[in-house]
Amino acid sequence: MIEQTVGVTVGDIKQTIGATTIRGDMARRLLVEPGVAGLKINRTYLDDAKKPLLITANTYPADKVRFTFWMHRAPKSG
């Protein structure tokens with residue numbers, strides 16, 4: 001979708017995930033009590049020349065998020 005919007009190929013995406021405490025206006029917008037645990041996800045989308053195309057920052061209540069990822073062993077060579 002980003003590639004269609006900006007007309008440039010996304011070469012890499014850097015994602016940083018960390019714990020946060022949801023406070024103030026963010027708590028109100030997320031419909032949670034101030035002080036609850038949350039997860040903040042920052043992403044930087046880079047083109048093939050490593051130039052940033054888009055930077056996003058998203059915050060989620062901890063009880064609304066689950067991440068699943070697979071790790072695969074590289075095939076043995078030779």
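Mind the numbering: the sequence shown is residues 1 to 78 in UniProt numbering, read in order. Glycine included, C-beta positions come from ideal geometry on N, C-alpha and C. Computed from a predicted structure; not experimentally measured.
Rounding to the nearest angstrom, what Cα-Cα distance links residue i and residue j in this structure?
i: Thr21; j: Gly35; result: 6 Å
i: Ile13; j: Arg29; result: 27 Å
i: Glu33; j: Asp25; result: 11 Å
i: Ala19; j: Val65; result: 12 Å
i: Thr5; j: Tyr60; result: 25 Å
i: Ala62; j: Thr68; result: 15 Å
i: Gly38; j: Ile55; result: 20 Å
i: residue 164; j: Gly7; result: Given a span of 1 to 78 for the chain in the structure shown, any question on residue 164 remains unanswerable.
Taking DSSP as the reference, what is the three-state secondary structure of residue i?
i: Lys51; result: coil
i: Val36; result: strand
i: Arg43; result: strand
i: Ala74; result: coil
i: Thr68; result: coil
Between residue i and the rest of its own chain, which residues show a CB-CB distance below 8 Å, the 5 nearest in sequence each way excluded?
i: Asp10; result: Correcting the residue type first, residue 10 is Val in the shown sequence and not Asp. Excluding positions up to five away in sequence, the list reads Ile2, Glu3, Tyr45, Leu46, Asp47 and Leu53.
i: Ala27; result: Glu33, Pro34, Gly35 and Val36
Looking only at its chain, what residues have a beta carbon closer than 6 Å to the beta carbon of residue i, apart from the 5 residues adjacent to it on each side?
i: Asn42; result: Thr16 and Ala57
i: Lys40; result: Gly18, Thr20 and Thr59
Keeping to the same chain, check which residues put their C-beta closer than 7 Å to that of residue i; ignore five residues upstream and five downstream.
i: Arg23; result: Pro34 and Gly35
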